[in-house]
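Q: Dumping the structure here so I can ask a few things about it.
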Amino acid sequence: MSEHLEILDQVQSTVIDLAIQFGPKVVVAIAIIIAGVYIGRWIGNISNKALTKINLEPPVQELLVRIIRIIVLGMFTIMALQNLGIQLLPLIAGLGVAGAGVALAMQGVLGNIMAGLTIIFTKPFRVGEYISIGEEEGQVENISLFSTVLGHYDQSQVVIPNRKIVGEILHNFGEIRQLDINVGVAYDTDLDKALAIINEILQKNPRVLKEPQAIVTTNKLATSSIEIAVKPWIKVPDYIFAKGEITKAIVESFRSENIVIPFSQHEIRILENKSIESEMKT
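Here is the structure:
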């Protein structure tokens with residue numbers, strides 16, 4: 308029984324000694340971390356206001372603010388550990404070696420992050436714009452540090468790693484696109500009448516933008532027709548629908564006004580070689 312009491316006394320005295328020795332340091336370390344949390348939030352709020360002026364995409368802006376807060380909290384955590392007397396140099400050296408290995412193993416991910424930062428700050432395109440990259444095209448739905456998401460008219464999505472975008476030829480159509488419809492009419496057509504009908508169709512279609520102004524003009528003298536170029540401006544989501552509506556309206560209006568839309572005709576002549584036929588008979 309006395310031995311157990313002695314052990315308890317030793318444990319109690321050890322705890323008291325540790326509390327006396329490290330108690331104030333632990334309290335100070337906790338205070339430093341709490342201060343880091345509040346200062347991190349404060350700096351994060353300031354950074355958020357500054358980034359708002361740059362017009363970054365909301366998800367990217369939120370991510371950058373979080374990174375800033377984590378960095379500030381990390382600095383205060385290091386100060387707290389130093390206050391406790393923990394040697395950080397061996398830890399930092401070990402983390403450096405481990406970080407080099409991780410960087411080699413995650414070259415693709417890091418490449419996407421660097422490319423994502425390039426896209427974010429150079430702004431070659433924004434959410435809502437229609438772009439074409441290589442063989443892929445679509446409306447930009449999301450931009451993150453790792454990838455860019457394009458939406459198609461069939462409701463599918465294409466996720467492109469950012470490193471595949473930076474350095475490639477990119478065509479940014481913006482938030483509006485210009486339709487390119489070619490309509491052929493017969494050579495004896497009253498062109499002024501045909502152009503007036505098309506302009507009226509464009510004015511009545513609610514999907515056609517008033518500005519920029521649509522282009523309707525004769526474009527080409529083809530083999531069997533005179534081609535009229537119809538190029539109105541449309542919002543990206545309305546592109547396919549507007550093209551179908553305008554084409555249908557032109558065909559129906561021309562038909563009702565007896566304006567002929569000719570189709571290509573090819574004449575094939577079959578020549579009979581009588582001399583060859585006579586030789587084959589003999």
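Using the numbering used here, read the sequence shown as starting at 308 and increasing by one per residue.
Note that the Cβ used here is the ideal one computed from N, Cα and C, for glycine as well.
Predicted, not measured: the structure shown is a model, and the values here were computed from it.
(1) In three-state DSSP terms, what is residue 486?
(2) Taking one C-beta from the stretch 498–505 and one from the stretch 458–466 each time, how about it: are there three or more such pairs within less than 8 Å?
(3) Counting Cβ pairs closer than 8 Å, one from the stretch 486–498 and one from the stretch 523–537, do we hit at least three?
(4) With distance defined between alpha-carbon atoms, name the residue in 488, 331 and 575 nearest to residue 392.
(5) For residue 446, does the three-state DSSP call read helix, strand or coil?
(6) Under the three-state reduction of DSSP, which class applies to residue 576: helix, strand or coil?
(7) Counting Cβ pairs closer than 8 Å, one from the stretch 508–525 and one from the stretch 469–477, do we hit at least three?
(8) Would you mind giving the Cβ-Cβ distance between residue 450 and residue 434, rounded to the nearest angstrom? I have them listed as a contact below 8 Å.
(9) Could you check whether the stretch 374–392 touches the stretch 339–348, counting it as contact only if at least three pairs of C-beta atoms, one from each stretch, sit closer than 8 Å?
(10) May I have the straight-line CA-CA distance separating residue 552 from residue 520, to the nearest angstrom?
(11) Of the residues 362, 453, 388 and 447, which one's Cα is nearest the Cα of residue 478?
(12) Applying the 10 Å Cβ sphere with the 16-neighbour rule, what's the burial state of residue 460?
(13) Grouping DSSP H, G and I as helix and E and B as strand, with all else coil, what is residue 357?
(14) By DSSP, does residue 569 sit in helix, in strand, or in coil?
(15) Might you give, ordered along the chain, the residues of its own chain that have their beta carbon closer than 6 Å to the beta carbon of residue 418, omitting 5 neighbours on each side?
(16) DSSP three-state call for residue 520: helix, strand or coil?
(17) State the Cα-Cα distance for the pair residue 373 and residue 367, rounded to the nearest angstrom.
(18) Going by other Cβ atoms of all chains shown within 10 Å of its Cβ, with 16 needed for buried, is residue 583 buried or exposed?
(19) For the alpha helix (DSSP H) containing residue 548, name the first residue and the last one.
A: To lay it out plainly:
(1) coil
(2) no
(3) Because the criterion of three Cβ pairs below 8 Å is met, the stretch 486–498 and the stretch 523–537 touch.
(4) 331
(5) strand
(6) coil
(7) no
(8) 6 Å
(9) yes
(10) 18 Å
(11) Ranking the options by Cα distance to residue 478, first place goes to 447.
(12) Counting the other Cβ atoms within 10 Å of the Cβ of residue 460 gives fewer than 16, which makes it exposed.
(13) helix
(14) coil
(15) Excluding sequence neighbours, residue 418 sits near 470.
(16) coil
(17) Their Cα atoms are separated by approximately 10 Å.
(18) Only weak support exists for where residue 583 lies, its pLDDT of 49 falling under 50; the coordinates are left without a value.
(19) Where residue 548 is concerned, the enclosing alpha helix (DSSP H) stretches over 546–563.
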